[in-house]
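According to the UniProt record's numbering, the stretch in the sequence shown is residues 1 to 110, in order.
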Amino acid sequence: MINKRRSLRKASLERCRVELYASAKGPFESRVVNYSDTGLMIEMDHPLTKGEPVKILFRPGDETARRIGETYCVGMVRWCAPQDGLYSSRYGVGLEMAQASARRRAHKAA
Numbered sequence: 001m002i003n004k005r006r007s008l009r010k011a012s013l014e015r016c017r018v019e020l021y022a023s024a025k026g027p028f029e030s031r032v033v034n035y036s037d038t039g040l041m042i043e044m045d046h047p048l049t050k051g052e053p054v055k056i057l058f059r060p061g062d063e064t065a066r067r068i069g070e071t072y073c074v075g076m077v078r079w080c081a082p083q084d085g086l087y088s089s090r091y092g093v094g095l096e097m098a099q100a101s102a103r104r105r106a107h108k109a110a
């Protein structure tokens, strides 16, 4: 199988919350499974729609908040799939993070 990933993933089990920009539902409790320079994989009990804009809220002081220098990030759902029961939540969700991508481009240009 060919790996299409552009960045290495790092494991995480930090809790987070997901807010949906296009819906009054939420926020939804979630957990970061892994992260990279440009995205996150989270798991949650609520399905999300591909292309949906989201805001991910981290607890102040958590590793992710310290790493990105913010207590939240925004992005877009790239995929959402049911999990096979080996994990703690019903859906795995891949997110592309807009702010992380912009920061990475700015850092490379400097």
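Built from N, CA and C at the ideal position, the CB exists for glycine as well. Here the structure is a predicted model, which means the values were calculated and not measured.
Determine the DSSP secondary structure at residue i, reduced to helix, strand or coil.
i: Ala24; result: coil
i: Arg31; result: strand
i: Ile9; result: It is Arg, not Ile, that sits at residue 9 in the sequence shown. Note: Arg9 maps to coil in three-state DSSP.
i: Cys17; result: Here the sequence assigns Arg to residue 17, which means Cys is not the residue at that position. Correct three-state label for Arg17: strand.
i: Arg78; result: strand
i: Glu43; result: strand
i: Glu52; result: coil
i: Glu96; result: strand
Give me the Cβ distance between residue i and residue j, rounded to the nearest whole Å; I'm assuming they're in contact under 8 angstroms.
i: Val77; j: Leu40; result: So it is not a contact: roughly 11 angstroms between Cβ atoms.
i: Val18; j: Ile56; result: 6 angstroms
Between residue i and chain C, is the shortest Cβ-Cβ distance under 8 angstroms, so that the two count as touching?
i: Thr49; result: Given the protein chain composition of this structure (a single chain), no chain C is represented.
Exposed or buried, which one is residue i when buried takes at least 16 other CB atoms within 10 Å?
i: Gly69; result: exposed
i: Leu13; result: exposed
Report all residues from its chain with a CB closer than 8 angstroms to the CB of residue i; omit the five preceding and five following residues, and keep chain order.
i: Tyr91; result: Glu43, Met44, Asp45, His46, Pro47, Leu48, Cys80, Ala81, Pro82, Gln83
Here's a check: name, in chain order, each residue in its chain whose Cβ is nearer than 6 angstroms to the Cβ of residue i, leaving out the five neighbours to either side.
i: Arg15; result: Arg31
i: Pro53; result: Tyr21, Met76
i: Ala65; result: Phe58, Thr71
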